[in-house]
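The next block holds one structure in the form of C-alpha cells; read it before the comments.
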Amino acid sequence: MASPDENKAVVRRFYEEAYNQKREAVLDEIISPDYLDKGHNPPGQGIEGARQDLKGILAAFEPVHFAIEQLIAEGDTVAVRWTGSGVQVGEFGGMPATGQPVEFSGMSFYRLADGKLVETRNAVNL
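See below:
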C-alpha cells in the first residue's frame, strides 16, 4: 500500500502533467484500468474515460492551467482544492465558447490503489 505522500504525488502528476503540460500519455501510468470518475454523468470509466475527460477540458480551455490550492491525504484517499483557468475556446458543461478568460474552482476526492487512481468524485463551481 502506498503512503499518503506517495498518493499525493500521483494526484499532483495528474494535474501538472496531464492537464498543465498536456501529457496524455501520463494517464497510462497513473490511471487504473478499473478507474471510475463519479463526477460525470455518465461516469467516466477506465483509462479511456480519463482520456476523454482530459481531451474535453483541453478542447474547451486554452491555455488551461490548474493550480492546487490544498492537498490532503489520509490512507488511500487524497482531497484536492483546486482552481482552473484559461480562455474558453470551446463548449464546456453545456456553456458555449465565450472567447473570454475564465476561472473555475472545485474540490476533488481521489481513491488510489497500487499507486494509481481508481475513483474520483468532484464538486465544481463553474
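Numbering (the UniProt record's numbering), first residue to last: 1 to 126.
Think of the CB as a built atom: it goes at the ideal place given N, C-alpha and C, for glycine as much as any other residue.
- Per the coordinates, the alpha-carbon of E16 lies some 20 Å from the alpha-carbon of A2.
- V124 sits close to G106, with the two beta carbons spaced by under 9 Å.
- At least 9 Å separates the beta-carbon of Y110 from that of V64.
- Shown here, Q88 sits in a strand according to DSSP, grouped into three states.
- Within the stretch 59-110, the complete beta strand (DSSP E) segments at least 3 residues long are 61-74 and 77-88, listed from N- to C-terminus.
- Comparing C-alpha distances from A9 to each of K38, G99 and G115 shows the shortest one belongs to G115.
- For A123, no alpha helix (DSSP H) run applies; the uninterrupted beta strand (DSSP E) run containing it begins and ends at K116 to N125, by DSSP.
- A direct Cα-to-Cα measurement between E48 and G93 gives close to 19 Å.
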